[in-house]
Amino acid sequence: MSDDYLVRIGKLIRDARQHRGWTQSQLAEALATSQSAVNRIERGNQNISLEMIARIGEALDSEIVSLGYAGPMHLRVVGGRRLSGSIDVKTSKNACVALLCASLLNRGRTVLRRVARIEEVYRLLEVLNSIGVRTRWINEGIDLEIVPPARLDLDAIDADAARRTRSIIMFLGPLLHRMDAFKLPYAGGCDLGTRTIEPHMIALRRFGLEIAATEGLYHAQIDHSVTPDRPIVLTERGDTVTENALLAAARHDGTTVIRNASSNYMVQDLCFFLEALGIRVDGIGTTTLTVHGVPHIDVDVDYSPSEDPVEAMSLLAAAVVTESELTIRRVPIEFLEIELAVLEEMGVDCDRTTEYAADNGRTRLVDLTVRPSKLEAPIDKVHPMPFPGLNIDNVPFFAAIAASAQGQTLIHDWVYDNRAIYLTDLNRLGGRLQLLDPHRVLVEGPTRWRAAEMMCPPALRPAVVVLLAMMAAEGTSVLRNVYVINRGYEELAERLNSVGAQIEIFRDI
Numbered sequence: 051m052s053d054d055y056l057v058r059i060g061k062l063i064r065d066a067r068q069h070r071g072w073t074q075s076q077l078a079e080a081l082a083t084s085q086s087a088v089n090r091i092e093r094g095n096q097n098i099s100l101e102m103i104a105r106i107g108e109a110l111d112s113e114i115v116s117l118g119y120a121g122p123m124h125l126r127v128v129g130g131r132r133l134s135g136s137i138d139v140k141t142s143k144n145a146c147v148a149l150l151c152a153s154l155l156n157r158g159r160t161v162l163r164r165v166a167r168i169e170e171v172y173r174l175l176e177v178l179n180s181i182g183v184r185t186r187w188i189n190e191g192i193d194l195e196i197v198p199p200a201r202l203d204l205d206a207i208d209a210d211a212a213r214r215t216r217s218i219i220m221f222l223g224p225l226l227h228r229m230d231a232f233k234l235p236y237a238g239g240c241d242l243g244t245r246t247i248e249p250h251m252i253a254l255r256r257f258g259l260e261i262a263a264t265e266g267l268y269h270a271q272i273d274h275s276v277t278p279d280r281p282i283v284l285t286e287r288g289d290t291v292t293e294n295a296l297l298a299a300a301r302h303d304g305t306t307v308i309r310n311a312s313s314n315y316m317v318q319d320l321c322f323f324l325e326a327l328g329i330r331v332d333g334i335g336t337t338t339l340t341v342h343g344v345p346h347i348d349v350d351v352d353y354s355p356s357e358d359p360v361e362a363m364s365l366l367a368a369a370v371v372t373e374s375e376l377t378i379r380r381v382p383i384e385f386l387e388i389e390l391a392v393l394e395e396m397g398v399d400c401d402r403t404t405e406y407a408a409d410n411g412r413t414r415l416v417d418l419t420v421r422p423s424k425l426e427a428p429i430d431k432v433h434p435m436p437f438p439g440l441n442i443d444n445v446p447f448f449a450a451i452a453a454s455a456q457g458q459t460l461i462h463d464w465v466y467d468n469r470a471i472y473l474t475d476l477n478r479l480g481g482r483l484q485l486l487d488p489h490r491v492l493v494e495g496p497t498r499w500r501a502a503e504m505m506c507p508p509a510l511r512p513a514v515v516v517l518l519a520m521m522a523a524e525g526t527s528v529l530r531n532v533y534v535i536n537r538g539y540e541e542l543a544e545r546l547n548s549v550g551a552q553i554e555i556f557r558d559i
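For the sequence shown, the numbering used here gives the first residue as 51, with consecutive numbering after it.
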């Protein structure tokens with residue numbers, strides 16, 4: 051980009067910023083960069099990508115600067131490259147969205163450290179802002195401050211943003227203590243087949259919540275005289291179901307026992323956060339949680355969510371399928387031990403450091419180094435189980451890894467209706483995957499990956515699996531419309547490029 055164009059673009063950005071009434075520091079905060087970088091951009095002294103121009107346009111709500119932003123984002127991948135060096139695992143997507151919902155319990159100021167800057171978080175922030183919650187990125191865009199209003203305005207809710215995230219379902223638990231009736235848009239998110247909210251309702255009815263679903267909305271009515279008179283037994287050991295029950299129990303003035311609870315990583319993070327709010331939770335890490343609720347919560351709280359084990363698995367799979375030596379730092383080992391045991395049986399060569407504490411002081415981390423390995427298909431099928439079993443969200447990565455191994459691997463995703471089907475998209479890249487039924491796929495390896503151009507699957511983890519296979523394939527591939535990846539990963543392409551990948555972000559203009 052010539053210096054003349056840089057100067058002209060810089061002036062456009064400066065004019066748009068001033069028109070909005072922002073300082074350079076405010077724009078820098080919105081972009082998670084420094085004020086000095088914004089100053090260089092506005093003076094035409096900094097190279098600027100189309101992606102950065104799009105981000106600036108979105109931040110400033112400027113049609114002039116947002117050239118090309120309206121189109122979907124695509125990735126152009128030059129494969130066959132080896133990765134090297136080290137890469138850090140970001141904070142947990144699923145923990146961050148649960149904590150955003152949990153902030154509605156608190157009438158005080160909540161600060162969440164190193165929040166994942168992903169589309170799922172952005173959608174929830176849009177929803178929170180629309181109902182009166184004030185949020186802002188602080189400390190150069192690293193941390194997030196959340197300040198609630200005295201009264202939430204649910205009538206003004208951003209329905210479009212709410213429908214693009216399934217996490218909106220976790221508003222039910224906090225809101226049932228704040229009002230007598232409210233409406234929420236239907237939950238959205240990944241296309242993973244039919245998922246009802248009945249397990250949530252079985253738990254939340256014990257707190258007086260009843261819901262009628264009509265015209266794209268959940269109509270909620272709360273009878274505040276109803277309280278749990280015996281332990282709540284969850285009909286499925288689901289993560290969001292457990293989180294909703296915890297959120298409802300947190301402000302119940304009494305003791306609530308939740309049985310058949312998930313003890314997965316995001317649930318533990320939520321429990322640690324509730325403790326920071328002054329709520330005692332017994333049994334963290336087990337399937338029976340006892341919550342000693344507090345009817346009024348008005349505290350200033352500062353909490354650091356832990357790292358994401360699914361992102362760690364993604365990066366580990368990237369190293370395996372590209373036959374690279376890569377060090378993955380800040381891996382939450384407690385939530386990857388089964389996966390690593392299976393991979394080591396398949397022949398993956400890796401070692402780990404001694405354990406150290408995450409910033410929350412509770413989660414155990416290690417640094418994990420993966421090396422090129424000769425892989426054999428596992429004898430047993432790969433299938434998920436509730437924690438401490440193999441994580442359901444890590445199952446798709448075994449499709450790419452199994453495709454790199456000698457022999458046949460049976461992958462059984464018994465939880466979701468559609469996700470096994472999406473894994474067969476790997477066949478477009480040279481994979482040999484046979485769909486046995488909507489839940490089971492047979493993977494034949496090893497695979498000679500080949501480049502291709504294709505649409506992104508509509509589910510987060512299979513989409514990343516396709517990207518990893520493209521990184522392993524010689525030649526240039528194109529993955530179109532990657533919004534679903536941005537829902538769960540922060541700057542994944544840029545971070546993979548930092549360790550040797552060659553992935554270009556582009557948009558149709």
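Glycine is no exception: its CB is placed at the ideal position from the N, C-alpha and C atoms.
Treat the numbers as computed from the prediction; the structure is a model and nothing was measured.
Notebook entry, point to check: Does the stretch 199–213 come close enough to the stretch 275–285 to have 3 or more Cβ pairs within less than 8 Å?
Noted result: no
Note to self: Would you call the stretch 308–324 in contact with the stretch 436–444, where contact means no fewer than 3 C-beta pairs closer than 8 Å?
What the structure shows: yes
Item checked: Identified DSSP bridge partners for residue 363 -> In DSSP, residue 363 forms no bridge with anything.
Check: Looking at residue 489 and residue 466, is the spacing between their C-beta atoms short of 9 Å?
Finding: yes
Check: CB residue 159 to CB residue 409, shorter than 9 Å?
Finding: no
Check: Per DSSP, which one or two residues make a beta bridge with residue 269?
Finding: 233 and 262
Notebook entry, point to check: So residue 162 and residue 355 are in contact, right, with Cβ under 8 Å, and what is the actual spacing, rounded?
Noted result: 6 Å
Check: On the three-state DSSP scale, how would you describe residue 100?
Finding: helix
Checklist line | Beta-ladder partner(s) of residue 382, from DSSP | finding: 415
Next item on the list: Starting from the C-beta of residue 399, find all residues in its chain whose C-beta is less than 8 Å away, skip the five residues before and the five after it, and write them out in chain order.
Entry: 420, 421, 422 and 423
Margin query: Please classify residue 357 as buried or exposed, where buried requires at least 16 other C-beta atoms within 10 Å of its C-beta.
Written below: buried
Checklist line | Nearest-angstrom Cα separation, counted from residue 123 out to residue 67 | finding: 24 Å
Note to self: Could you tell me the alpha carbon to alpha carbon distance between residue 292 and residue 484, rounded to whole angstroms?
What the structure shows: 35 Å
Next item on the list: Flag this pair as touching only if the stretch 335–343 and the stretch 303–311 have three or more C-beta atom pairs under 8 Å; answer yes or no.
Entry: yes
Check: If residue 219 sits next to residue 264, beta carbons under 8 Å apart, how far is it from one beta carbon to the other, in whole angstroms?
Finding: That belief does not hold up - the Cβ atoms of residue 219 and residue 264 are roughly 17 Å apart, past 8 Å.
Next item on the list: Along the alpha helix (DSSP H) that carries residue 86, what are the first and last residues, could you check?
Entry: 85–92
Notebook entry, point to check: So residue 511 and residue 443 are in contact, right, with Cβ under 8 Å, and what is the actual spacing, rounded?
Noted result: 6 Å
Margin query: Below 8 Å, how does it come out for the stretch 546–557 and the stretch 138–153: are there three or more Cβ pairs, yes or no?
Written below: no
Notebook entry, point to check: Thinking C-beta only, is residue 109 closer than 9 Å to residue 62?
Noted result: no
Margin query: Rounded to whole angstroms, what is the Cα-Cα separation between residue 174 and residue 211?
Written below: 7 Å
Check: Which first and last residues belong to the beta strand (DSSP E) in which residue 195 is found?
Finding: 193–197
Notebook entry, point to check: In three-state terms, what does DSSP make of residue 245?
Noted result: For residue 245, the predicted model reports a pLDDT of 48, less than 50, meaning its position is unreliable; a value from the coordinates is still stated below. The answer is coil: DSSP assigns residue 245 none of H, G, I, E or B.
Notebook entry, point to check: Would you call residue 224 buried or exposed, if buried means 16 or more other Cβ atoms sit within 10 Å of its Cβ?
Noted result: buried
Next item on the list: State the beta-bridge partners of residue 148 as determined by DSSP.
Entry: Partner(s): none; residue 148 has no beta bridge.
Next item on the list: Could you say if the stretch 487–507 and the stretch 450–457 meet the contact criterion of at least three C-beta pairs nearer than 8 Å?
Entry: yes
Next item on the list: Kindly indicate the opening and closing residues of the beta strand (DSSP E) around residue 458.
Entry: 457–462
Next item on the list: Select from 477, 482 and 476 the residue whose C-alpha is nearest the C-alpha of residue 457.
Entry: 482
Note to self: Rounded to the nearest angstrom, what separates residue 255 and residue 503 at their Cα positions?
What the structure shows: 48 Å
Next item on the list: Using a Cβ cut-off of 9 Å (strictly closer), state whether residue 524 contacts chain C.
Entry: The structure shown contains no chain C; it holds only a single protein chain.
Note to self: Within a Cβ cutoff of 7 Å, which residues of the same chain sit near residue 542, ignoring the five residues on either side of it in sequence?
What the structure shows: 535
Next item on the list: Note the first and the last residue of the continuous beta strand (DSSP E) segment covering residue 319.
Entry: Note, residue 319: premise wrong, no beta strand (DSSP E); alpha helix (DSSP H) at 315–326.
Margin query: Output needed for residue 75: all residues of its chain with C-beta closer than 6 Å, excluding positions within five of it in sequence on either side, in chain order.
Written below: 85
Check: When DSSP labels each residue in this structure, what does residue 527 get in the three-state scheme?
Finding: strand
Notebook entry, point to check: For residue 156, is the classification buried or exposed, using 16 other Cβ atoms within 10 angstroms of its Cβ as the cut-off for buried?
Noted result: buried
Notebook entry, point to check: Apart from the five residues on each side of it in sequence, which residues of its chain come closer than 6 Å, Cβ to Cβ, to residue 90?
Noted result: 96
Notebook entry, point to check: Taking DSSP as the reference, what is the three-state secondary structure of residue 556?
Noted result: strand
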